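Inspection log for the structure reproduced underneath, given as structure tokens.
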Amino acid sequence: MKNLLFVTLLSISVTMLGWGQNPSQSLPTKIDQLVNAKMSAYKIPGLAIGVVQHGKLVYTKGYGVKSIKTQEKVDQTTVFHLASVSKLITAKAVMQLVQKGALKLKDKLVKVIPELRFSDERIKTITIRQLLNHTSGLPDVRGYDWGNKNQATDALANHIKHLRLKLKYPPGTKFYYSNLGYDILARVVEKASKQIFEEYVKRNILAKVGMAYGDFRYFKIPANLRCSPHSQRKISGKVYVRKTYPYNRVHAGSSTLNASAAEMSQWMIYFLKKLPTNAAYQKMLKPSFDAYPRIGLGFRLGKIADKQKAGHYGGDKGFRSYLMLVPEENLGLILMANCDYKEDFRQEILHPIAQMMLKK
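If you want it as structure tokens, here you go:
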């Protein structure tokens, strides 16, 4: 299947490079120059991007290496850890269950997960909607314990059951980014669907758009598609391969999606195609909290070239990512890199590419 995917993507790239009469035929060269310059300036080992527009894959390519040790080249099928870009898929799973009638946004969290443990009675008022837009008042995760290799299917359920929840703010009063809230949402998906979170997402979201290899479970990713996490020494500036891959099953909802630029491009095409007629998708991209209008349901909102953009940044030990949609122009872009330093390169690459596309 990987060979078929690669051949298909290669043919698309060749077609694009020979755009002939299209005034945008220099786009691949411009993108290459931009990406290579930023990779050199920021010492990025490996990176992949994908660009889609009007229901088609416009450009996808890998740059650099999967690991500075092996020097194996990155291509568009190389799988990266996407960190908080995962939240978009988790939010999509929740909204899908809302559409199916298995959940309501106004449902109280304690109704869905009655075994939650807490001493603060205000937690009883938290809704699913507040978890989605980070207004639940819950704190962030304190420690990820990325070295935890517990792959039991009930790892998430046991983790959530033994939490002792406390609030930083009263629910519904303040935007406060909470990875914990999204880890809990993964358990909400399990409760509402009666399936393991990763299995539900794989069957009902990822596989539906042709993502054969993308998965929230790192151990499911074929070894030949993986890349290594990299960091940089603070004093010497030397780049090195991290010993631990950022994976812990209890943080699936907030952080553990692994996917390639090629497959995330497929997801963006699907999402943008369905957006005009899907009320749930539209709700995800609308401001959801008056006091902080830059948050939708899962998506972070903003502007680029006076047009609405929606997306999410991702960052964990050894990896950085950025997914951005410009719905008005049916445009989607994804960037993923196997390093965790000098993270401004994400917008310094994707924003100029988006502007190139908007000027076409």
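The sequence shown begins at 61 in this note's numbering and counts up one residue at a time.
Glycine is no exception: its CB is placed at the ideal position from the N, C-alpha and C atoms.
Just so we're clear, the structure is a prediction, and the values are computed from it rather than from any experiment.
Return the residue from the list the options that minimises the CA-CA distance to residue i.
i, options, result
"A351", "F140, L165, H194", "H194"
"L191", "A101, G207, V248, G203", "V248"
"M344", "G356, K333, P336, L335", "G356"
"A215", "V299, S288, L169, A312", "A312"
"K121", "P174, A321, V154", "A321"
"L163", "D92, E250, E388", "E250"
"V118", "E408, M396, N390", "N390"
"D200", "Y229, K367, P347, I256", "Y229"
"D243", "F279, R202, A283, G115", "R202"
"R302", "F379, D135, T89", "F379"
"S288", "S127, I91, T89", "S127"
"N210", "E388, Q136, F279, A108", "F279"
"P306", "K377, A246, L169, K367", "K377"
"K160", "M417, P347, N338, I281", "N338"
"I281", "T137, K129, Y123, Q131", "T137"
"Q131", "R286, Y237, H219, I109", "R286"
"L169", "L107, I109, A246, K133", "A246"
"L176", "H219, P336, Y204", "H219"
"Y236", "L332, A217, F349", "F349"
"M324", "N96, G106, I91, S146", "S146"
Give the range of the beta strand (DSSP E) segment to which residue i is assigned.
i, result
"T120", "116-124"
"V111", "106-113"
"V154", "Element bounds for V154: not the beta strand (DSSP E) but the alpha helix (DSSP H), 146-159."
"V134", "Per DSSP, V134 belongs to no beta strand (DSSP E) and is neither H nor E."
"V301", "299-301"
"H290", "290-292"
Identify, in the order they occur along the chain, each residue of the same chain with its Cβ nearer than 8 Å to the Cβ of residue i, setting aside the five sequence neighbours on each side.
i, result
"P412", "L94"
"Q156", "N264, I265, A340"
"P231", "R182, I183, T185, I186, T187, Q190, T195, S196, G197"
"N82", "With a pLDDT of only 47 at N82, under the threshold of 50, the placement of this residue in the model should not be trusted, and no figure is reported."
"V261", "I149, T150, A153, V249, F276"
"Q415", "I364, A365"
"Q407", "Y382"
"I329", "V112, G115, K116, L117, V269, G392"
"G375", "A143, S144, S381, D400, E403"
"N239", "S144, D200, V201, H311, S314, S315"
Excluding the 5 residues flanking residue i on each side, which residues of the same chain have their C-beta closer than 6 Å to its C-beta?
i, result
"K178", "As written in the sequence, residue 178 is Phe, which differs from the Lys given in the question. Excluding sequence neighbours, F178 sits near L225."
"R277", "E258"
"L361", "R354, A370"
"F405", "K98, Y102"
"K234", "none"
"T270", "Residue identity check: residue 270 is Gly in the sequence provided, not Thr. Cβ neighbours of G270 beyond the five flanking positions: Q326."
"N448", "Because the chain in this structure spans residues 61 to 420, residue 448 falls outside the shown range and cannot be described."
"I104", "A397, C399"
"S84", "Residue confidence is low: S84 scores 49 on pLDDT, short of 50, so the model does not pin down where it sits. No coordinate-derived value is stated."
"I256", "T213"
"A252", "L157, A162, L163"
"Q292", "V299, Y401"
"D135", "G122"
From what residue to what residue does the alpha helix (DSSP H) around residue i run?
i, result
"F405", "405-418"
"Y102", "87-102"
"Q190", "188-192"
"L163", "That residue, L163, is in no alpha helix (DSSP H); it is neither H nor E in DSSP."
"K209", "No alpha helix (DSSP H) holds K209; DSSP gives it neither H nor E."
"K171", "169-172"
Thinking residue i and residue j are a contact (beta carbons under 8 Å), I'd like their distance in whole angstroms, please.
i, j, result
"N398", "H290", "5 Å"
"N318", "H141", "6 Å"
"S314", "S86", "40 Å between Cβ atoms; not a contact."
"L227", "D167", "Rounded, the Cβ-Cβ distance is 19 Å, inconsistent with contact."
"Y273", "V125", "The Cβ separation is near 19 Å, so there is no contact."
"T304", "W206", "5 Å"
Please go through the same chain and pick out, in chain order, the residues whose beta-carbon is closer than 7 Å to the beta-carbon of residue i, but skip the five residues on each side of it.
i, result
"K402", "Y102"
"F359", "L148, M344, L345, A370, G371, H372"
"G78", "With a pLDDT of only 34 at G78, under 50, the local geometry of the prediction cannot be trusted, and the value read off the model is given with reservation. Excluding sequence neighbours, G78 sits near nothing in its chain."
"L410", "Y382, M384, L393, L395"
"S100", "none"
With a threshold of 8 Å between beta-carbons, can residue i be considered close to chain C, or not?
i, result
"A283", "Here there is only one protein chain, and chain C is not present."
Quiz prompt | Sequence ranges, beta strand (DSSP E) only - wholly within the segment 313-395, length at least 3 | solution = Those beta strand (DSSP E) runs which fall completely within the segment 313-395 and span 3+ residues are 318-320, 360-364, 367-376, 379-386.
Quiz item: Which runs of the alpha helix (DSSP H), 4 residues or longer, sit entirely within the segment 212-277?
Solution: Listed in chain order, they are 215-221, 239-253, 257-261.
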